[in-house]
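Residues in the sequence shown are numbered consecutively from -14, following this note's numbering.
All residues carry an ideal CB built from backbone N, CA and C; glycine is no exception.
Just so we're clear, the structure is a prediction, and the values are computed from it rather than from any experiment.
Reviewing the structure listed below.
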Amino acid sequence: MPLYALVDCNNFYASCERLFRPELKRTPIVVLSNNDGCVISRSSEAKALGIPMAAPAFQWEHAFRRHGVAVFSSNYALYGDLSARVMSVLEDMAPRVEVYSIDEAFLDLTGVADAETLCRALRERVARHTGIPVSIGIARTKTLAKLAAGRAKKRPEHEGVFRLDEADREGLLAATEAGEVWGVGHRSAKRLAARGVRTALDFIRLPQQWVRTELTVTGLHIQLELKGISCLDMAAAPAPRRSVLCSRSFGQLIEDREHLREAVCSFAARAAEKLRRAGLEAQAVQVFVLTPRHRQELPQHQGQATIGLPLPSDFTPEIVDAALRGLDEAFREGFAYLKAGVVLLGLTPASARQRSLLDLPPEERQRRRALTAVMDAVNARHGRGALRLALSAAPDRPWHMRQHRRSPRYTTNWDELPRVG
-14 MPLYALVDCN NFYASCERLF RPELKRTPIV VLSNNDGCVI SRSSEAKALG IPMAAPAFQW
46 EHAFRRHGVA VFSSNYALYG DLSARVMSVL EDMAPRVEVY SIDEAFLDLT GVADAETLCR
106 ALRERVARHT GIPVSIGIAR TKTLAKLAAG RAKKRPEHEG VFRLDEADRE GLLAATEAGE
166 VWGVGHRSAK RLAARGVRTA LDFIRLPQQW VRTELTVTGL HIQLELKGIS CLDMAAAPAP
226 RRSVLCSRSF GQLIEDREHL REAVCSFAAR AAEKLRRAGL EAQAVQVFVL TPRHRQELPQ
286 HQGQATIGLP LPSDFTPEIV DAALRGLDEA FREGFAYLKA GVVLLGLTPA SARQRSLLDL
346 PPEERQRRRA LTAVMDAVNA RHGRGALRLA LSAAPDRPWH MRQHRRSPRY TTNWDELPRV
406 G
């Protein structure tokens, strides 16, 4: 029979911040979203204070000060690097790993003689090698493993690892609200509530035909998984990417076209870097600009333009040029913009590109490859943006995100390494 584990990093963003600030061991910590908008991660101490997820930071500022809460801007360079380190430890010890999100991964433990012992050793190694605490749930299906991980996190007596056996399954389902089950969205939860379904145990007692009709085959799979019947296999490989997106809400409203050009240039360069890392090329570049929809007193505009490339490309200057032409089409004078973005479309493997009469001469292709390789190597070594196109400008422009409380990028930027002594 199949056996799965779900590894969940505890309060991940808050744990990353605490890792390099040991003096905050018992201090409440919250991490804010882009532009320091709302709470997206809380330490256990912050949860105990009643600080909710998505709490607007400006409304809770007084409470943060009153309770001595350490408040951090989001630091995705740090979180992404520590996530990669955690996943590397998992891949060293587990037979098969499916990275589900930045702070979660499924393990296929089918055939493992003593899965619980392995998971306890794995938890200890992750803590020793990365400093990040994790909780692990073990069960016959991925959905049950998700629930088991939640119990491992909440119950200290499990010491971070809980194996859900058949004898405990119905008890855990009875203690779980139906809307909290992995995969049950808001709309499905409303349908279940209208049917009188309150818990996950109520859910599995529904007729399968009703579930399939009202919640589609996805809902039926969730119900079967809760019954201990595995329907969700491990993802052998991620699905091919269909697009690459780089977008951002600005730190303040932007009306000036030149500031927007700087932002779009920066986003396009970042998207091209992602493209090369994935070994892909794009056939089109889409640009969009948005005014703030929640500010109805301001004129509204949502502009978008797509520029085709003559040949599939991952060359930063070519992608930036197309993005700037797209901005010229999407931009309208007289509007204050809150957000812009660049989407690369029509992705194909760079290794599979077929030659055409329009193709560049071999020496030009080699020159481009050498130039982008140097850019990527310098930025990998010295931090993103160390080498950039002139138009993307310095990091103090008005379109940059507000990150007034960002911690140093301890593990990815030479200038921000922790100092000893």
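ask   = Out of curiosity, what's the CA-to-CA distance linking residue 245 and residue 231?
value = 14 Å
inquiry  = Tell me the DSSP secondary structure of residue 228 in three-state form.
reply    = strand
ask   = The beta strand (DSSP E) spanning residue 289 covers which residue range?
value = 287 to 298
key: Close-in-space but distant-in-sequence residues of the same chain around residue 149 (CB under 6 Å, 5 per side omitted)   = 124, 129 and 133
query = Applying the criterion that 16 or more other CB atoms from any shown protein chain within 10 Å of the CB defines a buried residue, is residue 91 buried or exposed?
reply = buried
task = Would you list the residues sitting across from residue 121 in a DSSP beta bridge?
result = -8 and 146
ask   = In chain order, what residues of the same chain lie with their CB nearer than 7 Å to the CB of residue 216, ignoring the 5 residues before and after it?
value = 206, 209 and 210
ask   = What first and last residue would you give for the alpha helix (DSSP H) that runs through residue 112?
value = 100 to 115
ask   = residue 120 and residue 21: beta carbons closer than 7 Å?
value = no
key: Endpoints, the beta strand (DSSP E) within which residue 322 is located   = 322 to 330
message = According to DSSP, is residue 318 part of a helix, a strand, or is it coil?
response = coil
request  = State the CB to CB distance for the pair residue 3 and residue 15, rounded to an integer number of angstroms; the pair is presumed to be in contact (CB under 8 Å).
outcome  = The Cβ separation is near 12 Å, so there is no contact.
request  = Quick one: using the 10 Å Cβ neighbour count with 16 as the cut-off for buried, is residue 400 buried or exposed?
outcome  = exposed
request  = Determine the direct distance from the alpha carbon of residue 71 to that of residue 343, and round the result to whole angstroms.
outcome  = Residue confidence is low: residue 343 scores 48 on pLDDT, short of 50, so the model does not pin down where it sits. Its coordinate-derived value is still stated next. When rounded, the distance between both Cα atoms is 45 Å.
request  = Just the C-alpha distance for residue 254 and residue 301, rounded to the nearest angstrom, thanks.
outcome  = 6 Å
ask   = Where do the N-terminal and C-terminal ends of the alpha helix (DSSP H) with residue 242 fall, by residue?
value = 242 to 262
ask   = residue 408 by DSSP, collapsed to three states: which one?
value = Nothing can be reported for residue 408, as the shown portion of the chain is limited to -14 through 406.
Supposed close pair residue 249, residue 272 - CB separation, criterion 8 Å = 6 Å
request  = Answer with buried or exposed for residue 189, where buried requires no fewer than 16 other C-beta atoms within 10 angstroms of its C-beta.
outcome  = buried
task = Given a cut-off of 7 Å, decide if residue 66 and residue 276 are closer than it, judged by their beta-carbon atoms.
result = no
ask   = Does the region 233 to 244 come close enough to the region 310 to 323 to have 3 or more Cβ pairs within less than 8 Å?
value = yes
query = What do you reckon, are the CB atoms on residue 312 and residue 267 nearer than 7 Å?
reply = no
inquiry  = Beta-carbon within less than 6 Å of residue 256's beta-carbon, same chain only, minus the 5 sequence neighbours each way: which residues are those?
reply    = 229, 231, 327 and 329
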